[in-house]
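J.:
In mature numbering (1 follows the signal peptide of the UniProt record, and there is no 0), the protein residues as written are -24 to -1, 1 to 145.
1. Between the C-alpha atoms of residue 45 and residue 37, what's the straight-line distance to the nearest angstrom?
2. What would DSSP say about residue 114, mapped onto helix, strand or coil?
3. Under 7 Å, do residue 105 and residue 90 count as touching if we go by C-beta distance?
4. Straight-line CA distance for residue 134 to residue 8?
5. Does the distance from the CB of residue 61 to the CB of residue 34 come in under 7 Å?
6. Flag this pair as touching only if the region 21 to 34 and the region 50 to 60 have three or more C-beta atom pairs under 8 Å; answer yes or no.
7. Alpha carbon to alpha carbon, what distance is there between residue 79 and residue 56?
8. Taking the Cβ atom as the reference point for each residue, do residue 28 and residue 41 lie within a distance shorter than 7 Å?
9. Please work out which residues of its chain come closer than 7 Å, Cβ to Cβ, to residue 13, disregarding the five sequence neighbours upstream and downstream, and give them in chain order.
10. Is the beta carbon of residue 2 closer than 7 Å to that of residue 142?
11. Only counting the same chain, and skipping five residues up and downstream in sequence, which positions put a Cβ closer than 8 Å to that of residue 116?
12. List the DSSP bridge partners of residue 54.
13. Find the nearest neighbour of residue 126 within the set 119, 113, 102, 114, judged by alpha-carbon distance.
14. Quick check on this structure: which residue in 140, 123, 6, 43 has the alpha carbon closest to the alpha carbon of residue 81?
15. Helix, strand or coil for residue 109 per DSSP?
Below, the structure written as structure tokens:
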């Protein structure tokens, strides 16, 4: 008798569970990542491991602490930092793996909060990676982010980021 009631209970609760997932509000953040190459003053990225075989970058590991800014101009308002690592894990050298914590220091309601991301980056075009968590006001964040190289010089790059996520509180 109790076993027969269990499926009925599940069927009754299913619309409540589905509605709470469907009603989750999608949040969108938009900002710019500014990286200064190693070997230059104020470098924000360092190559910490390299095999240097056949001039390939495969196997290289970079660690970075890049500025997050409101705009593409390096003088635009600083909103946080991107702490992470990039592993050149693609034999054809078109991309690799990143793990990045976006730490927001001056970003409105999200100041003092972080977003954790990971996934495959592509050097030849836009990339999409997972948002796997967060802290503070962004606790339990789940979603995705897109990034695209906006500009590149001999000493610096600027990448535009768009993040889309829900908060499962």
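Even glycine gets a Cβ: it sits at the ideal position worked out from N, Cα and C.
T.: According to the data block:
1. Residue numbering aside, residue 45 sits at position 69 when the chain shown is read from its first letter. Residue numbering aside, residue 37 sits at position 61 when the chain shown is read from its first letter. For residue 45 and residue 37, the distance between alpha carbons rounds to 24 Å.
2. On the chain shown, position 138 is the one that residue 114 refers to. Residue 114: helix per DSSP, three-state reduction.
3. As a position in the chain shown, residue 105 is number 129, starting the count at 1. As a position in the chain shown, residue 90 is number 114, starting the count at 1. No, these two residues do not count as a Cβ contact at 7 Å.
4. As a position in the chain shown, residue 134 is number 158, starting the count at 1. As a position in the chain shown, residue 8 is number 32, starting the count at 1. If I take the Cα positions, the gap works out to 7 Å.
5. Taking the first residue of the chain shown as position 1, residue 61 is located at position 85. Taking the first residue of the chain shown as position 1, residue 34 is located at position 58. The Cβ atoms of residue 61 and residue 34 do not sit closer than 7 Å to each other.
6. As far as the Cβ criterion goes, the region 21 to 34 does not touch the region 50 to 60, which means the pair count is below three.
7. Here residue 56 is taken as the residue at index 80 of the chain shown, counted from 1. Here residue 79 is taken as the residue at index 103 of the chain shown, counted from 1. Rounded to whole angstroms, residue 56 to residue 79 spans 5 Å at the Cα level.
8. Along the chain shown, read from residue 1 onward, the residue named residue 28 stands at position 52. Along the chain shown, read from residue 1 onward, the residue named residue 41 stands at position 65. Cβ atoms of residue 28 and residue 41: not closer than 7 Å.
9. Here residue 13 refers to the residue found at position 37 of the chain shown. So the list reads 19, 21, 131, 132, once near-sequence residues are dropped.
10. Counting from one through the chain shown, the residue named residue 142 turns up at place 166. Counting from one through the chain shown, the residue named residue 2 turns up at place 26. Going by C-beta atoms, residue 142 is nearer than 7 Å to residue 2.
11. On the chain shown, position 140 is the one that residue 116 refers to. The beta carbon of residue 116 lies closer than 8 Å to those of 109, 110, 143, 144, 145 in the same chain, with the five residues before and after it left out.
12. As a working mapping, residue 54 is identified with position 78 in the chain shown. Residue 54 is bridged to 45.
13. On the chain shown, position 150 is the one that residue 126 refers to. Among 119, 113, 102, 114, the Cα nearest to that of residue 126 is on 102.
14. The residue you call residue 81 lines up with position 105 of the chain shown. Among 140, 123, 6, 43, the Cα nearest to that of residue 81 is on 43.
15. In the chain shown, residue 109 corresponds to position 133, counting from 1. Under the three-state reduction of DSSP output, residue 109 falls in the strand class.
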